[in-house]
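Below: one structure, written as structure tokens.
Residue numbers (the working numbering): 21 to 932.
Take a look at the structure:
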């Protein structure tokens, strides 16, 4: 054998050896996969062609204390479309037939296709219009980026717009201010722009095409081509096809899942689809949230909405919700969301390689959420709402208000009304743009403007007026006041250059004569309360035998639960109680405002025109308020540490010292104001109702609750009641005065002829804020002539407009909207002869806020009521609401038959 033959033979054996080794390896691997790992690979292969469909669980129902339905679910018929196994031509034909059928029968259908065609034949994206509309509504230029718009919103509401704080700032905008900016703070893009990108992406447009921009017309033409739409069909007919196609595309690769096209369809549509056999169209049923009493108790129940971007981490990632689920957004729906939600059902199916349904492999039923039982009485709730609405309609200026009734012995809410109202049914299937717009605040620039979504009962805190006087009386009695001590009403007290008068003196120059505590409360005599709140008879100068301070009154208010959370399950607001620190901060802000509005008078032009340097000066000056230097020292400080003009040092020092620094300290004037419910103390109607209930409960304060219990869990467990620890007889003396109000005072005309005795108090509270117009630009433009007349100027609107444009271009962060710029533009255009006070002079102020609190029967109270009318005028306007509530309660629940709800261990609502 020659050398070549040997070499060939050797290589041949090597190749054969390699083949044998590979064959052995392959055989071993095949044995492992097919025999040893058979179960594993069989399961994975099965997973490749099995899918899971979730079915939403019916939401738990909400009932009143007597088992009457407040929120439930109703079955509605839907028409679904299943594109599985249909050809392109069949999908097009069925889609067109289906939409035409729905239109013909007057049924609403899902139309999320974002390309519309105008009457003139122009194609446009709805996304772009929505962004522009939102920017216009905020008063922002339409060319702002999402980051710029978010920055301006944060600046407007005093929020941090840094990267680390943007999520919390967005939540504050949504929760506190009721705003829902269409901005993704995670990507810092308009959500509408993101939706447009997603829309183009699901129809196979490339990233490069999306970045370059695809016009609505080009997109529509491409879709007609891609889906082989009949050329004979008009664009409007083709669009009907794309309405369905868009929903199919949204489903992605899950063609086995039917898509919902319409909900709540009529019987005619049902019959037609079932008989005609439109390919792919299926009739199904689903549960829909339903509020049978429409707007009744809407602020208690709340409403439903889609899971927002900021909520997704909690609901979807932590709790396992579907991203398409609706969740409670407010009220009980939100507070009890996890109890109401239920457990989704699962359906495991097999699909083929095209994603089409083959068969069902396994199925588990959805579990309904738990039912919730509230403490309110539906009948009493309806009376409360109608009485409140009627009182507001009768009032000259009031357009909003609230009323709350609480069960004295338990702290349970019997009824709670806020006006204006809304129908939560409009949100039952999610929040549409139109529905959301319909419930927004009429004037966002006016903090007391009617806002249907806002619960005035739990969130609107205002001065209580004379309804606060029982607190002052309690504090004085605890300090040593004798209820029988007689004080002669002199009509008014002069103090600190100001007159503090009684209502009789202010109205007609009279007085109430000699009074003890009972008649002091009964006549609501300010003079009497000025005396007992300071421990001094201001007519004689004699001491009343005890020392009392502002803090004593405020501490007693806190004991009654005023200015504190009540413990109610739904959202509530609390305004910080008055304090020396808060008063100082408010007066410091007043110093800055005063100097800012007069900057060109007090500072050189180069400082007044330099915003940053001006603010630095203002902060320096207002920062001395706690130090409160003498007038001479203040002049020296201003001269050495600020840019105030030399010839204005004395003027600035005088104004700042005597109008702000001195007034910022707690003083006798604060005791006068707070004693009669004025000043900085502000409370919600809910807090006021619980304060009255605490008086009626002998000085024992209960936690307020509106949830009676949960199905399967029993009654709500509350915190232990708080005993105020008052002296024997204190409450009795206060109640005696409140009874006098109803027999001889301001409530005598309302409760004087009642078949049982009532104890109550009225209050007429002042709010000295300036009412801001909805559109500042329109206001200035319409009042320009009168403003010029006051200032002896002749500024034209064109001058103001040019100045406004210049300021917004130079400092867009500071002057972000025309409404926020026009006042300063006018002042500057007048060469600072026009002042802010002149501009505000035509805006007007608020009417009085009307309060009534009451409890009945007076000697053994069962119900406590608080009523507040925003700009309701005199307190007598609120009293009829309290009367109707108490009358209805005593009629329904007389002493022989008090309805008491009880939820047994199985969660069943039973009556005893």
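Note that the Cβ used here is the ideal one computed from N, Cα and C, for glycine as well. Keep in mind that this is a model prediction, so the values were computed, not measured.
Nearest to residue 256 by alpha-carbon distance, out of 333, 762, 116 and 573, is 116.
Secondary structure of residue 580 (DSSP, three-state): coil. When the beta-carbon positions are compared, residue 468 and residue 890 come within less than 8 Å of each other.
The C-alpha of residue 885 lies about 6 Å from the C-alpha of residue 902. Relative to residue 879, the option among 780, 852 and 895 whose CA is nearest is 780. Residue 613 carries a helical assignment under DSSP once its states are collapsed to helix, strand and coil. In this structure, DSSP gives residue 680 a helical state, which the three-state scheme calls helix.
Spanning the alpha carbons of residue 574 and residue 279 requires a straight line of approximately 60 Å. Here DSSP, grouped into helix, strand and coil, assigns residue 473 to coil.
Between the C-alpha atoms of residue 128 and residue 224 there is a straight-line separation of about 29 Å. Under DSSP, residue 525 forms no beta bridge with any residue. The Cβ atoms of residue 179 and residue 169 do not sit closer than 8 Å to each other. In the three-state reduction of the DSSP assignment, residue 392 falls in the strand class, which pools E and B. Along the segment 225-309, the alpha helix (DSSP H) occurs as fully enclosed runs of 4 or more residues at 227-232, 236-246, 255-270 and 287-296, listed in sequence order.
Of the residues 689, 851 and 651, the one whose Cα lies closest to the Cα of residue 678 is 651. Counted as a single uninterrupted DSSP element, the beta strand (DSSP E) harbouring residue 883 occupies residues 883-890. By the criterion of at least three beta-carbon pairs nearer than 8 Å, the segment 692-711 is in contact with the segment 461-480. For residue 908, the secondary structure class from DSSP, reduced to helix, strand or coil, is helix. A straight-line Cα-Cα distance of about 26 Å links residue 640 and residue 596.
In the structure shown, the three-state DSSP call for residue 160 is coil.
Between residue 423 and residue 905 the beta-carbon gap is near 7 Å, inside 8 Å, which marks them as a contact. Our two residues, residue 143 and residue 132, have alpha carbons roughly 15 Å apart in a direct line. Rounded to the nearest whole angstrom, the C-alpha separation of residue 211 and residue 236 is 18 Å.
The segment 277-291 makes no contact with the segment 425-438; the number of CB pairs closer than 8 Å stays below 3. Contact between the segment 749-768 and the segment 833-841 is not established, with fewer than three Cβ pairs separated by less than 8 Å. The count of Cβ pairs closer than 8 Å, one atom from the segment 109-124 and one from the segment 332-352, stays below three, leaving the stretches out of contact.
Around the beta carbon of residue 418, a 10 Å sphere encloses 16 or more other beta carbons of the protein chains shown; the residue is thus reported as buried. In terms of CA proximity to residue 911, 882 leads the group 893, 892, 898 and 882.
Nearest neighbour of residue 502 by Cα position, chosen from 509, 493 and 510, turns out to be 493.
Of all C-beta pairs linking the segment 494-513 to the segment 625-641, fewer than three are shorter than 8 Å, placing the two stretches out of contact. With contact defined as three or more Cβ pairs closer than 8 Å, the segment 398-413 and the segment 93-104 are not in contact. Scanning 670, 794, 337 and 294 for the CA closest to the CA of residue 97 turns up 294. Beta-bridge annotation (DSSP): residue 144 is paired with 136. Closest by C-alpha distance to residue 121, out of 104, 140 and 99, is 99. By the Cβ rule, the segment 798-805 counts as touching the segment 815-828, because three or more pairs are nearer than 8 Å. Its Cα nearest to that of residue 455, the residue 444 stands out among 820, 171 and 444.
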